[in-house]
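For the sequence shown, full-length UniProt numbering assigns the number 1 to the initial residue and increments by one for each residue that follows.
First the structure, in the form of structure tokens, and then the observations on it.
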Amino acid sequence: MGTSTKAKPKTKGKRRSPKKNLVIVESPAKARTIEKYLGTSYKVVASKGHVRDLPKSKMGVDIENDYEPHYISIRGKGDTIKELRSAAKKAKKVYLAADPDREGESIAWHLSHILDLDPTDDNRVVFHEITKDAVKESFKHPRNIDMDLVDAQQARRILDRLVGYSISPLLWQKVKKGLSAGRVQSIALWLIIQRENEIENFKPVEYWSIDSEFKKGRSKFKASFYGLKGKKKELPNNAAVQEILKQIDPKAEFDITKVVRKERKRQPQPPFTTSTMQQEANRKLNYRTRKTMMAAQQLYEGINIGKEGSQGLITYMRTDSTRIAVIAKHEASKFLHEKYGAEYAATKPIKGKLPEGAQDAHEAIRPTSVYRTPQSVKQYLTRDQFRLYQLIWSRFVASQMTPALMDTMAVTIQQNDVTYRANGSKMKFDGFLKVYGDGKEKDNLLPDLVEGDKVKLISNNPDQHFTQPPARYSEANLIKALEEKGVGRPSTYSPTLETIQRRYYVKLVGRRFEPTELGEIVNKIIVEYFPDIVNVDFTANLEEKLDEVEEGKENWIRLVDSFYKPFSNEVESATENMEKVQIKDEPAGFNCDICGAPMVIKMGRYGRFYACSRFPDCRNTKAIVKKIGVTCPKCHVGEVIERKSKKNRVFYGCSRYPDCDFVSWDKPIGRNCPKDGHFLVEKKVKGGTQVVCPNGDYEEPAQK
């Protein structure tokens with residue numbers, strides 16, 4: 001009997017998992033959000049910003065060879081580049097999904113180079129909002145890299161490098177090390193110094209007003225002197241006021257000679273652009289520009305909002321367009337009909353006027369869904385994110401609403417040719433103000449007056465005034481000025497303001513920019529030796545030319561060449577003729593505690609400090625501290641002193657640091673909260689200051 005052998009079972013080979021599509025975005029937060037939308041056949045990774053740039057150690061631009069840039073991998077990005085290359089080799093297809101602007105296009109182009117991708121391949125994907133529908137739809141329409149956008153960004157980068165690396169060494173040599181100069185930052189500094197000069201040269205002019213009180217029956221109202229015989233008359237001094245008062249018979253009645261009633265419409269503003277968002281966040285929320293852009297970036301890239309998962313809450317936040325997608329208009333109209341009624345929904349949504357040269361590739365900044373009301377997502381947002389989202393949501397919703405209607409009344413009052421005027425108003429329909437009011441819409445009611453009525457004068461109140469100098473620039477005002485003059489673009493405002501503060505060319509005092517001595521020295525040099533750099537029209541024209549490069553109407557090499565040739569002559573002239581600037585040290589008034597030599601006040605990168613006059617033989621330095629007269633509430637031994645951060649922001653700390661680590665952004669006042677015993681601080685509020693408890697349980701009335 002033969003032995004039977006069992007057949008060996010077939011061994012199954014290991015199944016290879018199918019290759020995934022690789023998507024590269026800039027940030028990890030954005031990567032996490034998008035990966036959830038695209039599903040298991042996609043892997044989404046982050047480049048963490050740019051991967052290549054011009055070298056920091058040298059110019060990196062071959063001027064003799066058509067301004068060819070020499071790009072290198074950014075220091076510290078080696079591991080990221082290695083991971084991206086490894087992931088790209090394993091991928092079925094690589095998609096480049098950087099932000100939808102010049103910067104994003106440039107990042108995609110650099111990625112295509114380090115990953116050996118064909119830039120003419122359809123591997124570029126753009127979306128203006130990070131929502132499931134928008135992201136999925138964009139992957140149905142990939143395109144190749146837009147070299148016009150890349151060239152525009154490259155031209156800007158090379159222009160800025162040529163300016164910075166030509167002027168900065170001169171400033172190091174002639175003034176001090178660590179200084180820099182740039183195209184847009186030089187204009188911003190020049191504007192601040194021009195305003196300071198206007199303030200210093202301002203001569204106040206005296207003028208007077210006469211505010212009076214009248215009554216009809218029991219109803220009292222106020223009116224102001226207008227002129228004589230119905231014609232406007234200025235009151236330059238008290239003598240002119242007395243002449244007017246002599247013509248008035250205080251016992252006689254005044255005649256109501258004219259009453260004009262009108263209905264006035266107040267239109268909503270368009271939704272935010274980058275610039276208007278930065279201005280409004282500064283004005284209403286007291287946000288610095290950097291803080292606004294950081295919170296906006298987070299809202300755009302995606303927030304985990306519970307059951308819905310990670311969602312981009314706003315559209316792309318770098319834009320100078322006020323255009324709104326039709327689908328967003330329809331959704332807003334539906335929401336307004338449901339929430340407030342048909343009378344609040346605009347039949348023709350407001351479309352704002354685009355600034356000249358606006359890059360209308362994007363929409364305005366708006367919520368990705370108007371149904372995600374601020375209150376519905378508040379629990380998932382930080383305080384900064386919530387307040388900015390509320391501002392963006394409210395502005396967009398208001399832009400799609402009907403105008404507010406005011407009943408106005410203008411009254412002319414006369415006696416003996418002396419003319420007074422009074423204006424009244426009453427809200428008839430609140431319209432968009434229901435969502436986006438600013439608290440200034442109070443009724444100012446007048447009695448029911450008609451022509452021919454008689455009214456009695458109760459009192460005349462002459463008041464002396466003097467014209468005021470123009471205000472220093474706040475961040476919001478400066479951004480508005482730069483935008484109006486066509487200098488810079490949405491992405492440049494925040495880094496520009498940061499740079500001029502970081503270099504200590506300007507400082508913020510009471511939320512207003514003041515130039516420093518160092519800033520005035522640098523500005524004087526730029527104005528004298530590089531006048532085109534601070535020529536607003538020249539710089540604005542350069543921005544327009546960059547837009548033309550983006551549109552394919554201008555060659556970037558020709559543009560750079562037209563700028564650099566005359567500029568290089570200015571550099572040569574400055575090198576030969578500029579004299580060394582001596583920043584004189586001020587005596588500090590006390591001696592060095594190490595060597596006994598007199599101490600002096602020196603100008604450093606982050607402001608003034610004490611140093612030994614025998615430097616470099618003696619390197620003793622001390623920070624200049626400002627005592628506020630309060631004992632440290634933590635150690636109860638040291639004194640609270642005013643300090644400044646590296647970004648020139650004032651904070652308060654203990655004089656015994658590092659033995660005591662007490663710090664506070666708000667100024668302690670030396671009293672404790674009557675409720676919980678915590679130290680009280682003084683916060684700046686609109687129009688003055690207010691004493692509050694940092695724990696939020698106690699506050700005192702605001703003081704002017």
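Here a beta-carbon is modelled for each residue, glycine too, at the ideal position from N, C-alpha and C.
Worksheet item: Based on Cα-Cα distance, which residue from R614, C595, I669 lies nearest to G629?
Response: What you label residue 629 is simply residue 629 of the sequence shown in a count that begins at 1. It is I669.
Worksheet entry | Among D417, L559, N423, nearest to M409 - alpha-carbon criterion | Counting from 1 along the sequence shown, the entry for residue 409 is found at position 409. The candidate whose alpha carbon is nearest that of M409 is N423.
Discussion item. Measuring straight from C-alpha to C-alpha, what distance separates D659 and K634?
Written reply: For the purposes of this step, residue 659 is taken as residue 659 along the sequence shown, with counting starting at 1. For the purposes of this step, residue 634 is taken as residue 634 along the sequence shown, with counting starting at 1. Between D659 and K634, the C-alpha separation is close to 11 Å.
Worksheet item: Excluding the five sequence neighbours on either side, which residues of its own chain have a C-beta within less than 7 Å of the C-beta of L149, listed in chain order?
Response: Residue 149 sits at position 149 when you count from the first residue of the sequence shown. Within the same chain, L149 has close Cβ partners R102, E105, E550.
Worksheet entry | Any non-hydrogen atom of the ligand SAM closer than 7 Å to N21 Cβ | For the ligand SAM, the structure offers nothing, since it holds no ligand at all.
Fill in: S209: first and last residue of the uninterrupted beta strand (DSSP E) it sits in
To locate residue 209, count along the sequence shown from 1; it is residue 209. From DSSP, the beta strand (DSSP E) with S209 extends over 206-216.
Fill in: Those runs of the beta strand (DSSP E) which lie wholly inside the region 316-402 and span at least 3 residues
Segments of the beta strand (DSSP E) lying fully in the region 316-402: there are none.
Discussion item. Buried or exposed, going by whether 16 or more other CB atoms sit within 10 Å of the CB of C595?
Written reply: Taking the first residue of the sequence shown as position 1, residue 595 is located at position 595. Its Cβ having fewer than 16 others within 10 Å, C595 is exposed.
Discussion item. To the nearest angstrom, how far is the alpha carbon of V260 from that of G302?
Written reply: Stepping through the sequence shown from its first residue, residue 260 is reached at position 260. Stepping through the sequence shown from its first residue, residue 302 is reached at position 302. Roughly 53 Å separates the two Cα atoms.
Worksheet item: Are there three or more Cβ pairs, one per stretch, closer than 8 Å when the region 185-203 is compared with the region 479-496?
Response: The region 185-203, when compared against the region 479-496, does touch it at the 8 Å Cβ threshold.
Worksheet entry | Where V450 falls: helix, strand or coil (DSSP) | On the sequence shown, residue 450 is found 450 positions in, with the first residue counted as 1. Three-state result, V450: coil.
Worksheet item: In or out: Q359 buried (at least 16 other Cβ within 10 Å) or exposed?
Response: The sequence position of residue 359 within the sequence shown is 359, counting from 1. Interpretation of Q359 is limited by its pLDDT of 39, a score under 50 that renders its predicted location unreliable; no figure is taken from the coordinates.
Worksheet item: Is K6 buried or exposed, if buried means 16 or more other CB atoms sit within 10 Å of its CB?
Response: Here residue 6 is taken as the residue at index 6 of the sequence shown, counted from 1. Bear in mind that the predicted position of K6 carries a pLDDT of just 48, short of 50, making it unreliable; the figure below should be weighed with that in mind. Per the 10 Å Cβ criterion, exposed.
Worksheet item: Which full runs of the alpha helix (DSSP H) of 4+ residues lie inside the region 538-611, going along the chain?
Response: If we require 4 residues or more, the alpha helix (DSSP H) runs fully inside the region 538-611 come out as 556-577.
Worksheet item: Could you give the distance in angstroms between the alpha-carbon of Q278 and the alpha-carbon of A476?
Response: As a first step, residue 278 is located in the sequence shown; it is residue number 278 there, counting from the start. As a first step, residue 476 is located in the sequence shown; it is residue number 476 there, counting from the start. A476 has its alpha-carbon roughly 7 Å from the corresponding atom of Q278.
Worksheet entry | Exposed unless 16 or more other CB atoms sit within 10 angstroms - verdict on L542 | Looking up residue 542 in the sequence shown gives position 542. The residue is buried, with at least 16 neighbouring Cβ atoms inside 10 Å.
Worksheet item: Which residues share a DSSP beta bridge with Y654?
Response: For the purposes of this step, residue 654 is taken as residue 654 along the sequence shown, with counting starting at 1. Note on identity: in this sequence residue 654 is Cys, with Tyr being the wrong assignment. Looking at the DSSP assignment, C654 forms a beta bridge with V640.
Worksheet item: What are the residues that DSSP puts in a beta bridge with I72?
Response: What you label residue 72 is simply residue 72 of the sequence shown in a count that begins at 1. Note: I72 is bridge-paired with D53 in the DSSP secondary-structure output.
Discussion item. Quick check: the region 51-68 against the region 156-166, are at least 3 beta-carbon pairs closer than 8 Å?
Written reply: Flag = yes, the region 156-166 and the region 51-68 touch.
Item to complete: Work out the CA separation of A588 and R608 for me, nearest whole Å.
Response: Residue numbering aside, residue 608 sits at position 608 when the sequence shown is read from its first letter. Residue numbering aside, residue 588 sits at position 588 when the sequence shown is read from its first letter. Going by the C-alpha atoms only, they are around 11 Å apart.
Item to complete: To the nearest angstrom, report how far apart K233 and Q415 are at their CA atoms.
Response: Along the sequence shown, read from residue 1 onward, the residue named residue 233 stands at position 233. Along the sequence shown, read from residue 1 onward, the residue named residue 415 stands at position 415. If I take the Cα positions, the gap works out to 15 Å.
Item to complete: Would you list the one or two residues that DSSP bridges to L405?
Response: Taking the sequence shown and counting its residues from 1, the one referred to as residue 405 is at position 405. Bridge partners of L405: K265, F429.
Worksheet entry | Every unbroken alpha helix (DSSP H) within the region 502-541, with a cutoff of 4 residues, ordered by chain | Runs of the alpha helix (DSSP H) inside the region 502-541: 517-529.
Fill in: Own chain partners of W665 with C-beta closer than 7 Å, once the 5 adjacent residues on each side are dropped
Your numbering for residue 665 matches position 665 in the sequence shown. Around W665: F651.
Worksheet entry | Within 8 Å, strictly: CB atoms of S180 and L111 | For the purposes of this step, residue 180 is taken as the residue at position 180 of the sequence shown. For the purposes of this step, residue 111 is taken as the residue at position 111 of the sequence shown. No; because the gap between Cβ atoms is not below 8 Å, this pair is not in contact.
Worksheet item: Beta-carbon separation of H337 and A325 under 8 Å?
Response: Position 337 of the sequence shown, counted from the first residue, corresponds to residue 337. Position 325 of the sequence shown, counted from the first residue, corresponds to residue 325. Taking 8 Å as the Cβ cut-off, H337 and A325 do not qualify as a contacting pair.
Practice prompt. Grab me the residues of Y287's own chain with a C-beta within less than 6 Å of its C-beta, minus the 5 sequence neighbours each way, in chain order.
Written response: Residue mapping note: residue 287 aligns to position 287 of the sequence shown, counting from 1. Around Y287: A281.
Item to complete: Check the C-beta distance from L478 over to L449 and give it rounded, since I have them as a contact under 8 Å.
Response: For the purposes of this step, residue 478 is identified with residue 478 of the sequence shown, where counting begins at 1. For the purposes of this step, residue 449 is identified with residue 449 of the sequence shown, where counting begins at 1. A Cβ-Cβ separation of about 45 Å leaves L478 out of contact with L449 under the 8 Å criterion.
Practice prompt. Identify, in the order they occur along the chain, each residue of the same chain with its Cβ nearer than 6 Å to the Cβ of D417, setting aside the five sequence neighbours on each side.
Written response: Mapped onto the sequence shown, residue 417 falls at position 417. Cβ neighbours of D417 beyond the five flanking positions: L228, K229.
Worksheet item: Going by C-alpha distance, which of T273, K334, A295 is nearest residue 789?
Response: Not covered by the structure: residue 789. The range shown for the chain is 1 to 704.
Fill in: Per-residue burial, P701 [other beta carbons within 10 Å of its own, 16 or more giving buried]
Residue 701 sits at position 701 when you count from the first residue of the sequence shown. It counts as exposed.
Item to complete: Grab the span of the beta strand (DSSP E) containing S219 for me, first residue to last.
Response: Taking the sequence shown and counting its residues from 1, the one referred to as residue 219 is at position 219. From DSSP, the beta strand (DSSP E) with S219 extends over 219-228.
Practice prompt. Starting from Q242, follow the alpha helix (DSSP H) in both directions and report where the run begins and ends.
Written response: Working through the sequence shown from its first residue, we reach residue 242 at position 242. Start and end: 238-246.
Worksheet item: Using the C-alpha atoms, what's the distance from R472 back to M599?
Response: If you number the sequence shown from 1, residue 599 lands on position 599. If you number the sequence shown from 1, residue 472 lands on position 472. Roughly 34 Å separates the two Cα atoms.
Worksheet entry | Identified DSSP bridge partners for K258 | The count along the sequence shown starts at 1 and reaches residue 258 at position 258. DSSP, once it has assigned bridges, lists T412 as partnering K258.
Worksheet entry | Simplified DSSP assignment, three categories, for E64 | As a working mapping, residue 64 is identified with position 64 in the sequence shown. Coil.
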